[in-house]
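Asker: This structure is in structure tokens; I'll ask about it shortly.
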Amino acid sequence: MSFDRRSRPLTQRLALALGAAWLLSGTAHAAQATQPNEPADVCPALKHIVEAPDFKQLRAQPAAQLPGLPDADDCRANSHSYDCHWRAHWQADGVVNDPLEEFGADIAACFPNVVHDVNTPTRQHFIVTTAERRVNVTASVQGQNELRLRVTR
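Right, here's the structure in full:
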């Protein structure tokens, strides 16, 4: 038997295995890219809110719109505080079991200079230090899946 006859079945099996691996990796990547219940990234809006020189102006600024917040009318603002409440539209993602914990983790991850000093099942408090000021960020539960964000300075 020649070398070509023995290597052909091996070559075919290797090609099939590589093709199957390529298809599986593409399917896994597509599944990861489309997670239907995953919350949107809140960092851009949180950073915009925390860095705002005047909270009263935030209601008219689309960059301050928190994901899941249907309307700016759900937020109250004065020069020293910004207070919003909304219903969380996502479920547990397999890592974090409730929206408050997930929102608290997002807040902690959004800011490089943050101190997380209160962590209870109904309230999470952070102190964010920026170049200009210290800002208090409080996330709390108002009801089942209803969250509240209060930012003060």
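Each position in the sequence shown, counted from 1, maps to that position plus 1106 in the numbering used here.
Where is the CB? At the ideal position from N, CA and C, for every residue including glycine.
1) Helix, strand or coil: which one does DSSP assign to Ala-1183?
2) Bridge partners for Tyr-1220 per DSSP, in chain order?
3) DSSP state of Gln-1248, grouped into three classes?
4) Just how far apart, CA to CA, sit Lys-1162 and Asp-1204?
5) What is the rounded straight-line gap between the Cα of Phe-1209 and the Cα of Ser-1185?
6) Please determine, among Val-1241, Gln-1248 and Arg-1229, the residue with the shortest C-alpha to C-alpha distance to Leu-1152.
7) Grouping DSSP H, G and I as helix and E and B as strand, with all else coil, what is Asp-1212?
8) Between Leu-1255 and Ala-1237, what straight-line distance do the alpha-carbon atoms span, to the nearest angstrom?
9) Going by CA-CA distance only, name the one from Ala-1183, Val-1257 and Glu-1157 that's closest to Ala-1245.
10) Please work out which residues of its chain come closer than 8 Å, Cβ to Cβ, to Pro-1150, disregarding the five sequence neighbours upstream and downstream, and give them in chain order.
11) Using 10 angstroms around the beta-carbon of Ala-1166, count the other beta-carbons present and answer buried if the total reaches 16, otherwise exposed.
12) Could you work out which residue in Trp-1192, Ser-1187 and Asp-1212 is closest to Pro-1159 when comparing CA atoms only?
Answerer: So, to answer that:
1) What you label residue 1183 is simply residue 77 of the sequence shown in a count that begins at 1. Strand, per DSSP.
2) Sequence index remark: in the sequence shown, residue 1220 carries index 114 (1-based). A small fix is needed here, since residue 1220 is Val in this sequence, not Tyr. The partner list for Val-1220 (beta bridge, DSSP) reads Val-1234.
3) As a position in the sequence shown, residue 1248 is number 142, starting the count at 1. Residue state, collapsed to three classes: strand.
4) Your numbering for residue 1162 matches position 56 in the sequence shown. Your numbering for residue 1204 matches position 98 in the sequence shown. About 30 Å.
5) Translated into the one-based positions of the sequence shown, residue 1209 becomes position 103. Translated into the one-based positions of the sequence shown, residue 1185 becomes position 79. Distance between the alpha carbons of Phe-1209 and Ser-1185: 24 Å.
6) To locate residue 1152, count along the sequence shown from 1; it is residue 46. That would be Val-1241, whose Cα lies nearest to the Cα of Leu-1152.
7) Locating residue 1212 in the sequence shown gives position 106, where the first residue counts as 1. In this structure, Asp-1212 counts as helix in the three-state DSSP scheme.
8) Mapped onto the sequence shown, residue 1255 falls at position 149. Mapped onto the sequence shown, residue 1237 falls at position 131. Each residue's Cα considered, the two are about 22 Å apart.
9) Within the sequence shown, the letter at position 139 stands for residue 1245. Among Ala-1183, Val-1257 and Glu-1157, the Cα nearest to that of Ala-1245 belongs to Val-1257.
10) Locating residue 1150 in the sequence shown gives position 44, counting from the first residue. Contacts found: Ala-1169.
11) Taking the sequence shown and counting its residues from 1, the one referred to as residue 1166 is at position 60. Burial call: exposed.
12) Here residue 1159 corresponds to residue number 53 of the sequence shown, with the count starting at 1. That would be Ser-1187, whose Cα lies nearest to the Cα of Pro-1159.
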